[in-house]
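Structure record follows, encoded as structure tokens.
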Amino acid sequence: MDKDNDVSEVVKNVKVGDRVGFGYTHQICGSCDNCCTDLDQYCRERQIYGFSDTDNGSFSYGAVWDSKTVAPIPDGYDSADAAPLLCAGATVYTVLTKYGLRSQDRVGVMGIGGLGHLAIKLAAAKGAHVVVFSSSESKRQEALDYGASEFIVFKSGDEAPENFKPVKHLLLCGSANVDYSSLVPLVDTDGVIYPLTAALESTPVPLTSLSLKGIRVQGSLVSSRDSLRKLLDFAARKNIKPTIMTYPLNEEGIEKALHDLKEGKVRYRAVLVKE
Numbered sequence: 001m002d003k004d005n006d007v008s009e010v011v012k013n014v015k016v017g018d019r020v021g022f023g024y025t026h027q028i029c030g031s032c033d034n035c036c037t038d039l040d041q042y043c044r045e046r047q048i049y050g051f052s053d054t055d056n057g058s059f060s061y062g063a064v065w066d067s068k069t070v071a072p073i074p075d076g077y078d079s080a081d082a083a084p085l086l087c088a089g090a091t092v093y094t095v096l097t098k099y100g101l102r103s104q105d106r107v108g109v110m111g112i113g114g115l116g117h118l119a120i121k122l123a124a125a126k127g128a129h130v131v132v133f134s135s136s137e138s139k140r141q142e143a144l145d146y147g148a149s150e151f152i153v154f155k156s157g158d159e160a161p162e163n164f165k166p167v168k169h170l171l172l173c174g175s176a177n178v179d180y181s182s183l184v185p186l187v188d189t190d191g192v193i194y195p196l197t198a199a200l201e202s203t204p205v206p207l208t209s210l211s212l213k214g215i216r217v218q219g220s221l222v223s224s225r226d227s228l229r230k231l232l233d234f235a236a237r238k239n240i241k242p243t244i245m246t247y248p249l250n251e252e253g254i255e256k257a258l259h260d261l262k263e264g265k266v267r268y269r270a271v272l273v274k275e
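Position 64, counted from 1, in the sequence shown is what UniProt numbering calls 64; the numbers after and before it change by one each time, with no gaps.
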């Protein structure tokens, strides 16, 4: 997150002095079929974190970046609040806007963490009836405060609660290792399950059970550049902010953030702030 200090004369979408952010995708071609159909996060020549340009400089205060992949931060919206939207927020916003979700739909969010808490806030702001599934009772009030309409204690492998009304969309925001057989009763006919956390190993999926209810499992990756800009504008307009803990961008701050993350103390995104 920084201000543009210099731009090429061919750049038209930002100007010197603009405050911008960049997310998971940091370079695209801008001309392939995916880039031209608002699917540029799947650009055939994309460069994304964890797979390319991995040595970006841990303590850098600036970057040379592809202007096509940066997004202006709305005036008055704090940079520390904007940072988690560029990845976690973008991931859930794409699901909420690209796959047919309608106002008043029952939307399930499984797991209240970095992704889940933003899914609750954004889905509620979109007018959805948000049903939160959590492994313990401890986060009930927090979920309701974020905008949830229902809170259900449920762990992967459990049976669906008696007389439970299924959800149309189920966002998996917690553990990647889930028992899909236990999820089928939670999802309505022609519903969709979105696995938003990555599992490195294979995951068994009960195809027959899914087929009998017409349930889809929909993969989704972060967001397009257009969706990212719309998310930032929507969050600023609706005053939606992530729940964050800030740390100074220095060795001590980074060590403290990593320690808190390891101990499970981060609620719900750790943000390093330039001193």
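We put the beta carbon where it would ideally sit given N, CA and C, even for glycine.
message = On the criterion of 16 or more Cβ atoms from any shown chain inside 10 Å, does Ala71 qualify as buried, or is it exposed?
response = Classification of Ala71: buried, given that the 10 Å Cβ count is 16 or more.
query = Of the choices Ile244, Asp40 and Val273, whose alpha-carbon is the least far from that of Ile254?
reply = The shortest C-alpha to C-alpha distance from Ile254 to any of Ile244, Asp40 and Val273 is the one to Val273.
Three-state secondary structure (DSSP) of Glu150 = In the structure shown, Glu150 sits in a strand (DSSP, three-state: E or B).
inquiry  = Quick check: the Cα distance between Gln41 and Leu231, rounded to an integer number of angstroms?
reply    = The alpha-carbon atoms of Gln41 and Leu231 are separated by roughly 15 angstroms.
message = On the DSSP bridge list, what partners appear for Gly21?
response = According to DSSP, Gly21 shares a beta bridge with Ala71.
query = According to DSSP, what are the bridge partners of Ser134?
reply = Val153.
task = May I ask you to list the residues that DSSP assigns as paired with Ile193?
result = Leu170 and Val217.
ask   = Is Pro161 helix, strand or coil by DSSP?
value = If DSSP states are grouped into helix, strand and coil, Pro161 belongs with coil.
ask   = In this structure, does DSSP put Ile244 in helix, strand or coil?
value = Annotated three-state conformation of Ile244 is strand, per DSSP.
key: Reference residue 322, options Ser211, Leu171 and Ser134, closest by Cα   = This structure leaves residue 322 out entirely; the chain is present only between 1 and 275.
message = Considering only the alpha carbon of each residue, which of Cys173, Leu210 and Thr197 lies closest to Ser182?
response = Across the set Cys173, Leu210 and Thr197, the C-alpha of Leu210 shows the shortest separation from the C-alpha of Ser182.
message = What residue range does the alpha helix (DSSP H) around Arg106 cover?
response = First-last for Arg106: Arg106 to Met110, but that is the beta strand (DSSP E), not the alpha helix (DSSP H).
ask   = Nearest to Val192 by alpha carbon, out of Gly62, His169, Gly100 and Glu263?
value = Checked all of Gly62, His169, Gly100 and Glu263; the closest Cα to Val192 is His169.
task = Output yes or no for whether 8 angstroms exceeds the beta carbon distance between Thr97 and Val222.
result = No, Cβ-Cβ distance for Thr97 and Val222 is not below 8 angstroms.
request  = Hey, could you find the ends of the alpha helix (DSSP H) Arg267 is sitting in?
outcome  = Taken as a continuous stretch (DSSP letters only), Arg267 belongs to no alpha helix (DSSP H), as it is neither H nor E.
inquiry  = Using 8 angstroms for Cβ pairs, my map puts Ala176 next to Ala198. What's the rounded Cβ distance?
reply    = Between Ala176 and Ala198, the beta carbon gap of about 6 angstroms places them in contact (Cβ cut-off 8 angstroms).
query = For the alpha helix (DSSP H) that Lys238 lies in, which residues bound it at each end?
reply = Run containing Lys238: Arg225 to Lys238, per the alpha helix (DSSP H) assignment.
task = Can you give me the Cβ contacts of Tyr49 inside the same chain, cut-off strictly under 6 angstroms, excluding the 5 residues immediately before and after it?
result = Tyr24.
Distance, Ala270 Cα to Leu261 Cα = Leu261 and Ala270: Cα-Cα distance of roughly 8 angstroms.
Where Lys121 falls, given that 16 or more other Cβ within 10 Å makes a residue buried = By the neighbour-count rule (16 or more Cβ atoms within 10 Å), Lys121 is buried.
message = Based on DSSP bridge pairs, tell me the residues matched to Val187.
response = Val187 is bridged to Val167.
inquiry  = DSSP three-state label for Leu272, please.
reply    = Looking at Leu272 - three-state DSSP - the assignment turns out to be strand.
request  = Could you please give me the residues that DSSP links to Ile48 through a beta bridge?
outcome  = Its beta-bridge partners are Thr25.
key: Member of Gly114, Leu258, Gly108 and Gln141 whose CA lies at the smallest distance from the CA of Ala90   = Closest in C-alpha terms to Ala90, from the list Gly114, Leu258, Gly108 and Gln141, comes Gly114.
ask   = Would you say Phe51 touches the ligand NAP, meaning its beta carbon is less than 7 angstroms from a heavy atom?
value = The model depicted lacks the ligand NAP and carries no ligand whatsoever.
inquiry  = By DSSP's criteria, His129 is part of a beta bridge. Which residues make up the other side?
reply    = Answer is Arg106, bridged to His129.
Alpha-carbon spacing of Val167 relative to Asp190, whole angstroms = Their Cα atoms are separated by approximately 10 angstroms.
task = Drop a sphere of 10 angstroms on the beta-carbon of Val178, count the other beta-carbons inside from all chains shown, and report buried for 16 or more, exposed for fewer.
result = Per the 10 Å Cβ criterion, buried.
request  = Whole angstroms is fine: what's the gap from Ser138's alpha carbon to Gly62's?
outcome  = Using only the alpha carbons, I get a separation of about 40 angstroms.
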